[in-house]
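Protein chains: 2
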Amino acid sequence: MTRIANLRVLDIRAPTSRGLHGSDAVHGDPDYSAAYVILETDAAHAGHGITFTIGRGTEVVCAAVEALAFHVVGRDVAEITSDFGAFHRRLTNDSQLRWLGPEKGVIHLATAAIVNALWDLWAKSAGKPVWKLVCDLEPEELAAAVDWRYLTDALTREEAIEMLRAKAPGRSAREAEMRRDGYPAYITSAGWLGYPEEQVRRLCREARAAGWTRFKTKVGIDPASDARRCAVMREEIGDGCDLMADANQVWDVPQAIAWMKHLEPYGLRWIEEPTSPDDVVGHAAIRRAVGPIGVATGEHCANKVLFKQLLQMQAIDYCQVDACRLGGLNEVLAVLLLAARYDVPVCPHAGGLGLCEYVQHISMIDYVAVSGSLDGRCTEFADHLHEHFVHPARVRDGRYVVPEAPGYSIEMHPESLEALAFPNGSEWRRA
Amino acid sequence: MTRIANLRVLDIRAPTSRGLHGSDAVHGDPDYSAAYVILETDAAHAGHGITFTIGRGTEVVCAAVEALAFHVVGRDVAEITSDFGAFHRRLTNDSQLRWLGPEKGVIHLATAAIVNALWDLWAKSAGKPVWKLVCDLEPEELAAAVDWRYLTDALTREEAIEMLRAKAPGRSAREAEMRRDGYPAYITSAGWLGYPEEQVRRLCREARAAGWTRFKTKVGIDPASDARRCAVMREEIGDGCDLMADANQVWDVPQAIAWMKHLEPYGLRWIEEPTSPDDVVGHAAIRRAVGPIGVATGEHCANKVLFKQLLQMQAIDYCQVDACRLGGLNEVLAVLLLAARYDVPVCPHAGGLGLCEYVQHISMIDYVAVSGSLDGRCTEFADHLHEHFVHPARVRDGRYVVPEAPGYSIEMHPESLEALAFPNGSEWRRA
């Protein structure tokens, strides 16, 4: 029995806006940040979990974590994980706190930090990385981690168990393949909107030399400069590589459709977040209009009910699940199952602070246990801030190297937690 | 020139859970609460605004208000209101804070409290109730209060101005009619789920005697007790009165459809929140299946983009806009215009703390300036906590009496703010 003795939450921020890292059409000056949760126990391990934010307001998410803490402090870890779906329902349906969402925004970001810390703790106790812990679960156990409420018109628990069972025979072969080859990735950090052209060219060349074959650029300023940006990237990476574009929610629906005409010459694989992340109907209309360019979204998709509808309405070609926009891994598992049910590839959102560390586990789970496919899949990578993690994400030849350390790879060095503590850490005192 | 010198935010809670007031299928023990904003100025008036919450977590919304405050403190009120739509965009699209939503959950609830306080301040300065201030705006001015982003595939600013212009001729006649007759309402506070049957019977009889002809009950426990509850209400109010039912999001889509078969005998006018408030596709499916019972939703509808889709997908018969779930009156105006465009009646959500005070203005605006119709309209009323307001909502013969005091009717008595302050007010020290 491992009892959660205490929950600590830290406001952690990196001053990334100084270099315009992460800049896009609507987030001009992100300071990559996190509400960082530590679940202290009476056993050997502590559980670490973060939710990613971009600066101001991280203190609000920390306040929401404090409000939810009473649901875990004093509880036994195995009691929670043995009926994890029911626990998830209790956490997201607290009779008073649910008014603040339900299951969206600040309260759901806070839920993710706590829930992911529980998975980290469970995996450390089991001596396995999170992906391996999940892939070793029986289909019934994995399905029991999901709160099935609101999903049954698209997928029931029983159907999910059948799907998982059908994929079970190939699991160990796929595991071995991943350990040998790694998981396919694409790189975003060459194409931030705030970077001057020469910096973009240099970063593209360096990335090509390092084995990258899939690239993403930011768009959404004006058609001429967007076209220029795509042309520069295409020139540097050549026709044999994939190029994706990300508009970060900047357009109305008719505007997105018109704008994409200007970008047709650059052979884009997808346009990401062309409009409001809440607009299922709008994404479906855009998708019908801009093919063969695919439509991708998900990093701001508030919960599994939104993903369910994006899939039901055939509104997306790529499902960009986020590790902490949803209420932690339990809800991510629900979305992996829904996407497999609708045969839509999952290409997780990453970058920021810790998201690459998280999503390598999610993509492993998707391939080994859920979809069993790499068709159309590639996982985002951005080369920022990995030095702060005890077990940082690693890439080789444009692919994620399978993480092997026990846990969810999200624990940061104590020195980093000190340096990035806001507003009194050494990094901020220096500024 | 009126400068906003300071923003104060208070955590206000009423211990309503002690009497099971407000109890329903998912909110078993609400303590009606508010993040209460005061905009102090260098002029005669202060602006007051609240966002409604139900207890735990109100402190999180207060933290979000503090995070947004720098957008208003030091600003001139007329500078804000003269281009109110642009200001609303700045507030909801702060380059870092928008990550916490965007435009949903805690950060949007906080936005509402600030924005509604600005309207209160503007109306007090103009010496008019908010509804009258809005109805006296030129169509172009009213449309300029809306941020049109993400709406243009359903309704453009120019189309909205045309709609408003077409309704302008009858405005003063409708105003006079409302001052004479009041605005039609329905009552919820007879049918809370936690009330025993005898209490429900007594409250129904008292409400009938006071002139009420429209009633709502809570459902969603089990088909047998729901049927019993509907039968009791129908017995007391007779066949000539309207009866509505509210499930507060408790069902999955197939379950909602099946459950409503059990409630067919009771002649329900609508079923409210049959499933997840985010499920546009699900509401559309339920609506197709349960007619002639109507489908109503909106109190948890996160923003205008969700309402747009509910209307585009013909998913609702009644649009239950909320005064502070959306980002304040500017966004409510957008939804009134959208609903009029799709010819769906707006029946605002109310009850709680201060919501009746707010929505009487919204319904007046809808009738006088926007839709010009009462067909299918009635506005919620619950008889709790009005004594705390300086200008409380009043009803007569089951209709709201038109508010005439300058402002948004949301200012509370100083003694109430002291008594309900959490956790140190006299009401809580006594508990």
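Listed in order, the protein sequences are those of chains G and D. Note that the first sequence covers residues 1116 to 1546 in our numbering. Note that the second sequence covers residues 1116 to 1546 in our numbering. Don't be surprised by glycine CBs; every beta carbon is placed ideally from N, CA and C.
Residues near residue i by beta carbon distance below 6 Å, same chain, minus five either side
{"i": "Trp1246 (chain G)", "result": "His1476, Met1479, Ile1480"}
{"i": "Ala1497 (chain D)", "result": "Thr1303, Ser1304, Gly1466"}
Bridge partner(s) assigned by DSSP for residue i
{"i": "Asn1121 (chain D)", "result": "D:Glu1155"}
{"i": "Thr1494 (chain D)", "result": "D:Ala1300"}
{"i": "Trp1385 (chain G)", "result": "G:Gly1409"}
{"i": "Lys1333 (chain G)", "result": "G:Asp1361"}
{"i": "Thr1168 (chain G)", "result": "G:Ser1148"}
{"i": "Cys1434 (chain G)", "result": "G:Thr1412, G:Val1461"}
{"i": "Pro1244 (chain D)", "result": "D:Gly1522"}
{"i": "Asp1191 (chain D)", "result": "D:Arg1118"}
{"i": "Gly1162 (chain D)", "result": "D:Leu1154"}
{"i": "Ile1127 (chain G)", "result": "G:Ala1149, G:Ala1536"}
{"i": "Phe1504 (chain D)", "result": "D:Met1527"}
{"i": "Tyr1265 (chain D)", "result": "Paired residue(s): none; Tyr1265 (chain D) is not in a bridge."}
{"i": "Val1510 (chain D)", "result": "D:Tyr1515"}
Residue i, buried or exposed, once every other Cβ within 10 Å from all chains shown has been counted against 16
{"i": "Phe1202 (chain G)", "result": "buried"}
{"i": "Ser1287 (chain G)", "result": "exposed"}
{"i": "Arg1123 (chain G)", "result": "exposed"}
{"i": "Pro1311 (chain D)", "result": "exposed"}
{"i": "Lys1219 (chain D)", "result": "buried"}
{"i": "Gly1134 (chain D)", "result": "exposed"}
{"i": "Met1359 (chain G)", "result": "buried"}
{"i": "Lys1423 (chain D)", "result": "buried"}
{"i": "His1528 (chain D)", "result": "exposed"}
{"i": "Lys1331 (chain G)", "result": "buried"}
{"i": "Ala1120 (chain G)", "result": "exposed"}
Contacts around residue i, its chain only, beta-carbon distance under 8 Å, and the 5 residues preceding and following it disregarded
{"i": "Ser1488 (chain D)", "result": "Pro1460, Tyr1482"}
{"i": "Val1395 (chain D)", "result": "Leu1421, Gln1424, Leu1425, Met1428, Ala1430"}
Contact with chain D by residue i, beta-carbon distance below 8 Å
{"i": "Gly1353 (chain G)", "result": "no"}
{"i": "Glu1174 (chain G)", "result": "yes"}
{"i": "Lys1219 (chain G)", "result": "yes"}
{"i": "Gln1427 (chain G)", "result": "yes"}
{"i": "Tyr1151 (chain G)", "result": "no"}
{"i": "Leu1125 (chain G)", "result": "no"}
{"i": "Ser1488 (chain G)", "result": "no"}
{"i": "Asp1198 (chain G)", "result": "no"}
{"i": "Gly1170 (chain G)", "result": "yes"}
{"i": "Leu1421 (chain G)", "result": "yes"}
{"i": "Trp1374 (chain G)", "result": "no"}
{"i": "Ala1241 (chain G)", "result": "no"}
{"i": "Leu1215 (chain G)", "result": "yes"}
{"i": "Thr1390 (chain G)", "result": "yes"}
{"i": "Arg1264 (chain G)", "result": "yes"}
{"i": "Ser1210 (chain G)", "result": "yes"}
Interface flag, residue i vs chain G, CB-CB below 8 Å
{"i": "Asp1432 (chain D)", "result": "no"}
{"i": "Gln1424 (chain D)", "result": "yes"}
{"i": "Thr1267 (chain D)", "result": "yes"}
{"i": "Val1405 (chain D)", "result": "no"}
{"i": "Gln1475 (chain D)", "result": "no"}
{"i": "Asp1498 (chain D)", "result": "no"}
{"i": "Ile1222 (chain D)", "result": "yes"}
{"i": "Ala1417 (chain D)", "result": "yes"}
{"i": "Ala1484 (chain D)", "result": "no"}
{"i": "Gly1134 (chain D)", "result": "no"}
Best match in the options for proximity to residue i [C-alpha to C-alpha]
{"i": "Cys1493 (chain G)", "options": "G:Ile1336, G:Arg1384, G:Leu1279", "result": "G:Arg1384"}
{"i": "Leu1233 (chain G)", "options": "G:Gly1220, G:Ile1222, G:Val1221, G:Leu1248", "result": "G:Leu1248"}
{"i": "Pro1254 (chain D)", "options": "D:Lys1282, D:Arg1190, D:Arg1343", "result": "D:Lys1282"}
{"i": "Thr1166 (chain G)", "options": "G:Met1359, G:Cys1177, G:Phe1199, G:Asp1157", "result": "G:Cys1177"}
{"i": "Tyr1265 (chain G)", "options": "D:Glu1388, D:Leu1500, D:Val1510", "result": "D:Glu1388"}
{"i": "Ile1525 (chain G)", "options": "G:Met1116, G:Val1188, G:Tyr1147, G:Tyr1151", "result": "G:Tyr1151"}
{"i": "Val1365 (chain D)", "options": "D:Pro1338, D:Ile1119, D:Val1180", "result": "D:Pro1338"}
{"i": "Asp1146 (chain D)", "options": "D:Ile1222, D:Gly1172, D:His1528, D:Leu1448", "result": "D:Gly1172"}
{"i": "Met1375 (chain G)", "options": "G:Glu1350, G:Ile1336, G:Asp1357", "result": "G:Ile1336"}
{"i": "Glu1502 (chain G)", "options": "G:Pro1521, G:Glu1350, G:Gly1522, G:Leu1532", "result": "G:Leu1532"}
7 Å Cβ shell around residue i - same chain, five flanking residues per side excluded
{"i": "Gln1427 (chain G)", "result": "Ala1269"}
{"i": "Asp1512 (chain D)", "result": "Gly1326"}
{"i": "Arg1514 (chain D)", "result": "Asp1296, Gly1297, Tyr1298, Pro1299, Ala1300"}
{"i": "Ala1182 (chain G)", "result": "Leu1212"}
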